[in-house]
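K.L.:
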Amino acid sequence: MELLMAVTAGLLFTAAIYLILSRSLIKVVLGTGLLSHGAHLFILTMGGLGGDAPPVLADGVDSFADPLPQALILTAIVISFGVTAFILVLAYRTYAVHKTDDLSLMKGNDEHD
Amino acid sequence: MTLEFVLLIFLPIVAALFIPLLFRKIKGIHTGWFVLAVPVVLFIYYTTFIKTTMDGGHALSELQWIPSLGISFVSYLDGLSILFSLLITGIGALVVLYSIFYLDKNKEKLGNFYVYLLLFMSAMLGVVQSDNVISLYLFWELTSISSFLLIGYWFTRDGSRFGALKSMMVTVFGGLMMLGGFILLGIMGGTFSIRELIAQSSTFVGHEFFTLALVLILLGAFTKSAQFPFYIWLPDAMEAPTPVSAYLHSATMVKAGLYLVARFTPIFAASEVWIWLVTGIGLLTLFWGSLFAVKQTDLKAILAFSTVSQLGLIMSLLGAGAITFHVDEALFSFAMFAAIFHLINHATFKGSLFMIAGIVDHETGTRDIRKLGGLMSIMPVSFTVAFIGSMSMAGLPPFNGFLSKEMFLQSMLAIRHFELFNFSTWGVVFPVVAWIASVFTFIYSFYFVFKTFAGKQKIGKLPRKPHEAPFGMLISPVILAMLVVTIFFIPNVVGKWLVKPAVMAIQPYQYSHPSEVGVHVSAWHGFDSPELWLTVGIVLIGGLLYLSLSKWQKFYGIQPDTLSLNALYDTTMMFSEKGMNRLSRIYMTGLIRTYLLYIFAFLSVTTIAMLFLQDAFAVDMSSFSKISAYGLINAVILLLAVAFVLLSKTRLGAIISLGAVGYSVALFFVIFKAPDLALTQLVIETVSVALFLLAFQHLPKLSDHGEKKSHKFVNAIIALGVGVTVTLVALSSHSQKLVQSISQYYKDTVETEAGGGNIVNVILVDYRGFDTLFEIAVLAIAGIGVLGMIKLRLARKESSDENK
């Protein structure tokens, strides 16, 4: 299962990086969304995918999934949500001000050196 | 209690603090008069040490600076330091006196001038008296800085700024090299004290750092003392006010390199490289400088090249003097004496010549030798001084230059007899080059004095009507000229008081008392001495060449400007500025894609390379859990959704596909027994998609802006590289777990310690509550940021810009 998940996370990264390298601002935002999904799955896989039950104490259950990566991912999900929301609005504002979403046009000029 | 004379090094700096105040408050009196007291007092004080050094003794005064690092200010006064200290304060006093009449108290910024000058004086005293190499370096750089300030004194002129920058570049380059050499010496000897280094210098020979330290320290000395090929800054430094040129660029600062070579001779004289470099470069500089002095048309430029040349002469003598380390014969013993003796002589005659050049400039308004002539009858005193100085420079009796020139030729002849280090084969080159250089020295000395003062009067063409300089301006050059003559008649007194103690300081392995330096200077060696005939030859050939100067001077025009060392310097500077600018413009495109490409390419290449190098590909399949059918199906769904995000042509399609990815990630969380994660992921994904849809109206249409195929291909390659890297790292690190998870602790104590059952939640709010606190902060900041971006409209100003 870890092999499958590692490949899935790798493909998520590939897609995310491809989008981030594109010239369209909105694709970059989409890419960061995919990137955080890939990272979360990566962390989960690294913690090991074994365990018979959720990490909640219950009678007669001995083998839990590792709770620490889950706690880390939970934190990461919230933070990446905050950041995604922020850059989404940033992209919206950039588009509103510059009337373009072509990143190759957003390179400043010599006055800003 | 004795006076801690190390503090006297700082006296000029302390005095400098009051100069601007005096300059502002006391308008009636020229500020220079207050300054004059400083070098005079110091000069008188340092003369009291002559008695000690004449007996072969020394005086020491120490001020701790950073004891834990072995760094201190030390004033170590032996024969060599006293000689230099007297030169610095003595010539310093004369130069200050001269500057009082040279610089106008109403037109010039005297406050600046004297502050820089006093700063320089302190720095120079520090250089020659320091026994600690680190404080020596500190003062060394302070001389570079104060020299920079003095050259750029008339900072509104382009030439001044160019000259100041050039001298700064060259000397600071050398200074840094020298610091490297000092640190290597400190590593070799375990101390920064020069005396202690000298004491154990015999253990350095053969050390792996020995030759490197030697070359680095020589680089420092050669750049400061304007040796070939670093002399290029000195002619450009002539933009400085003439008192500065007289003081720094003839008598003191340019001799700091000579001092350094002399001071470190006991450590490095054992090396063949040292003797060859110091003697060879010195002789080359002597020849080169004398050759090009005749080409110059500016009085100060002639003097600058002549200084370069004479410094080369002293340098070559210092190298020849180091031979005594190997062969203790009378034949070589006077080279060092000659070096020190000529050093004194040069300071006297060159100082006076610079002052005369300044006077000529001051009284006629030009320094161009082609416009000058026939000033002899108008400026008789100046002419007399110039004549004495030039004849001494040319090496004619009855002036002190004659004595040192004779000893120089004698030393160069003696080098032929030195049998080590291939000198027996190549040694014959030395007297020949020295003789030719002396001929050119003779020519430019005559050229300097007679083209200016003899010949036809061209008064009508001069910018100012010339007349003799005021009395005050003449005092200093006249005193120096009198010294030139006096030293000729009493060379042995000077030798006994100043030169021999200095020689003893340079050659401690050979002498234990100054009187052992068995050199007796005499003006007349008899007809059978070869030096006499060499001098006669110099006068005859030099005289003939001088008389035919107009016929062959044009040959200097053959050398194109683009093949000079100055052109090399200019090209180097231009390349560093423009070339580096161009280089950074190539890779800094301003496009975010470029930078991301660098980052991602670097990340995947280095990571994969490290995995490969460390042989970390081992994948342990046995640690993997079974592939479940749900997992497989979900993975396929997720990847399909990802593919839709990539391929979608519309915004809506992409957003919905992104949502699908999020939900299948949530499903993964369910499969892998993470209920809290699944809940959060579902909610957050929903909110995210809602956010995207909210902004939908305002978002741009999906477009690749007609991106080139090749760009897309590179992007895909890099993206794939990162993906492969991630997969490899995941597999490799999962297979090589070194320690057990700490989660067992959480499982064991979650109920007893924290009183909860949901381990993930207890970790979030109890075990690792700080994470949660700041994650809340992140959300708050993001919220405020979003609000700010939507509400805040600082763009009003920008939009008015756009309308322009």
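Sequences listed follow chains A and B, in order.
Numbers 0 to 112, taken from numbering that gives the first Met the number 0, label the letters of the first sequence in order.
Numbers 0 to 803, taken from numbering that gives the first Met the number 0, label the letters of the second sequence in order.
Every residue, glycine too, gets a C-beta built ideally from N, C-alpha and C.
Since the model is a prediction, treat every value here as computed from it, not as a measurement.
Would residue 800 of chain B be called buried (16 or more neighbouring beta carbons within 10 Å of its own) or exposed?
P.N.:
For residue 800 of chain B, the predicted model reports a pLDDT of 47, less than 50, meaning its position is unreliable and no value from the coordinates is stated.
K.L.:
Specify, as a first and last residue, the run of the alpha helix (DSSP H) that residue 32 of chain B falls within.
P.N.:
Looking at the DSSP string, the run of the alpha helix (DSSP H) that includes residue 32 of chain B is 31 to 46.
K.L.:
Measuring only the C-alpha atoms, how far is residue 396 of chain B from residue 388 of chain B?
P.N.:
Cα to Cα, residue 396 of chain B sits roughly 11 Å from residue 388 of chain B.
K.L.:
Would you kindly work out how many angstroms separate the C-alpha atoms of residue 594 of chain B and residue 587 of chain B, rounded to a whole number?
P.N.:
Whole-angstrom Cα-Cα distance: 8 Å.
K.L.:
Which residues, taken in chain order from the stretch 655 to 677 of chain B, show a beta carbon closer than 7 Å to some beta carbon of chain A?
P.N.:
So the close ones are 657, 660, 661, 664, 667, 671, 672, 673, 674, 675 and 676.
K.L.:
Relative to the C-alpha of residue 256 of chain B, which candidate in B:220, B:247 and B:91 has its C-alpha closest?
P.N.:
Ranking the options by Cα distance to residue 256 of chain B, first place goes to B:220.
K.L.:
Within the present structure, is the beta-carbon of residue 334 of chain B separated from the nearest heavy atom of the ligand FAD by less than 6 Å?
P.N.:
With respect to the ligand FAD, the structure shown offers nothing to examine, as it has no ligands at all.
K.L.:
Can you look up residue 72 of chain B in the DSSP assignment and give me helix, strand or coil?
P.N.:
Looking at residue 72 of chain B - three-state DSSP - the assignment turns out to be strand.
K.L.:
Looking at the structure shown, is residue 153 of chain B part of a helix, part of a strand, or coil, going by DSSP?
P.N.:
The answer is coil: DSSP assigns residue 153 of chain B none of H, G, I, E or B.
K.L.:
If contact means a Cβ-Cβ distance below 9 Å, which residues of the stretch 42 to 63 of chain A contact chain D?
P.N.:
Among the chains of the structure shown, chain D does not appear; the protein chains present are A and B.
K.L.:
With a threshold of 7 Å between beta-carbons, can residue 86 of chain A be considered close to chain B, or not?
P.N.:
Chain B, which has no Cβ nearer than 7 Å to the Cβ of residue 86 of chain A, makes this no.
K.L.:
Taking Cβ to Cβ, would you say residue 336 of chain B is nearer than 7 Å to residue 483 of chain B?
P.N.:
Cβ distance not < 7 Å, so residue 336 of chain B and residue 483 of chain B don't count as in contact.
K.L.:
Nearest to residue 60 of chain B by alpha carbon, out of B:359, B:71 and B:321?
P.N.:
That would be B:71, whose Cα lies nearest to the Cα of residue 60 of chain B.
K.L.:
Please work out which residues of its chain come closer than 7 Å, Cβ to Cβ, to residue 461 of chain B, disregarding the five sequence neighbours upstream and downstream, and give them in chain order.
P.N.:
Counting only Cβ-Cβ distances below 7 Å, and skipping sequence neighbours, we find 363, 364, 365 and 370.
K.L.:
Anything in chain B within Cβ reach of residue 31 of chain A, meaning under 9 Å, just list it in chain order.
P.N.:
What residue 31 of chain A touches in chain B: nothing, since even the nearest Cβ is about 11 Å away.
K.L.:
Please identify the residue among B:514, B:584 and B:443 whose C-alpha is closest to the C-alpha of residue 549 of chain B.
P.N.:
Here the closest residue by C-alpha is B:443.
K.L.:
At a cut of 8 Å, does the stretch 51 to 69 of chain B reach the stretch 90 to 107 of chain B through at least three beta carbon pairs?
P.N.:
The stretch 51 to 69 of chain B, when compared against the stretch 90 to 107 of chain B, does not touch it at the 8 Å Cβ threshold.
K.L.:
First and last residue of the alpha helix (DSSP H) that includes residue 639 of chain B?
P.N.:
Its alpha helix (DSSP H) spans residues 628 to 646.
K.L.:
Could you check whether residue 42 of chain A and residue 72 of chain A sit closer than 7 Å to each other, using their CB atoms as the reference points?
P.N.:
Yes.
K.L.:
Considering residue 65 of chain B, what are the terminal residues of the beta strand (DSSP E) in which it resides?
P.N.:
58 to 65 is the extent of the beta strand (DSSP E) around residue 65 of chain B.
K.L.:
Pairing CB atoms from the stretch 346 to 357 of chain B with CB atoms from the stretch 471 to 478 of chain B, are three or more of them under 8 Å?
P.N.:
A contact exists between the stretch 346 to 357 of chain B and the stretch 471 to 478 of chain B.
K.L.:
Which of the three DSSP states, helix, strand or coil, is assigned to residue 757 of chain B?
P.N.:
Strand.
K.L.:
Hey, would you say residue 107 of chain B sits closer than 7 Å to residue 159 of chain B, going by beta carbons?
P.N.:
Cβ distance not < 7 Å, so residue 107 of chain B and residue 159 of chain B don't count as in contact.
K.L.:
Flag residue 36 of chain A as yes if its beta-carbon sits less than 7 Å from any beta-carbon of chain B, otherwise no.
P.N.:
True, the Cβ-Cβ gap to chain B drops below 7 Å.
K.L.:
Using a beta-carbon distance below 7 Å, is residue 770 of chain B in contact with chain A?
P.N.:
By this cut-off, residue 770 of chain B is an interface position.
K.L.:
Would you say the stretch 285 to 300 of chain B touches the stretch 462 to 469 of chain B, given that touching needs at least three Cβ pairs under 8 Å?
P.N.:
As far as the Cβ criterion goes, the stretch 285 to 300 of chain B does not touch the stretch 462 to 469 of chain B, which means the pair count is below three.
K.L.:
Relative to the C-alpha of residue 28 of chain A, which residue among B:654, B:722, B:495 and B:787 is closest?
P.N.:
Minimum Cα distance to residue 28 of chain A is reached at B:654.
K.L.:
Which residues, in chain order, does the stretch 750 to 762 of chain B contribute to contact with chain A at a C-beta distance below 9 Å?
P.N.:
Listed by position along the chain: 750, 755, 756, 757, 758, 759, 760, 761 and 762.
K.L.:
Of all the residues that make up the stretch 600 to 614 of chain B, which are near chain A by a beta-carbon distance shorter than 8 Å?
P.N.:
Taking 8 Å as the Cβ-Cβ cut-off against chain A, none of the residues of the stretch 600 to 614 of chain B qualify.
K.L.:
For residue 142 of chain B, which residues from the same chain have a beta carbon less than 7 Å from its beta carbon, with the 5 sequence-adjacent residues on both sides left out?
P.N.:
Correct list, in chain order: 119, 122, 123, 126, 252 and 255.
K.L.:
Pull up the CB-CB distance for residue 262 of chain B and residue 79 of chain B, whole angstroms please, since I reckon it's below 8 Å.
P.N.:
About 7 Å; that satisfies the 8 Å criterion.
K.L.:
Counting only Cβ pairs nearer than 8 Å, list the residues of chain A close to residue 804 of chain B.
P.N.:
Since the first residue of chain B shown is 0 and the last is 803, residue 804 of chain B is not available in this structure.
K.L.:
Would you mind telling me which residues of chain A sit closer than 7 Å to residue 784 of chain B, beta carbon to beta carbon, in chain order?
P.N.:
Correct list: 85.
K.L.:
Compute the Euclidean distance between the alpha carbons of residue 77 of chain A and residue 778 of chain B, then round it to the nearest angstrom.
P.N.:
The alpha-carbon atoms of residue 77 of chain A and residue 778 of chain B are separated by roughly 8 Å.
K.L.:
Excluding sequence positions up to five away, which residues of its chain have a Cβ less than 6 Å from the Cβ of residue 218 of chain B?
P.N.:
These residues qualify, in order along the chain: 173 and 176.
K.L.:
Below 8 Å on C-beta distance, what does residue 691 of chain B contact in chain A?
P.N.:
Going along chain A in sequence order, the residues near residue 691 of chain B (Cβ under 8 Å) are 87.
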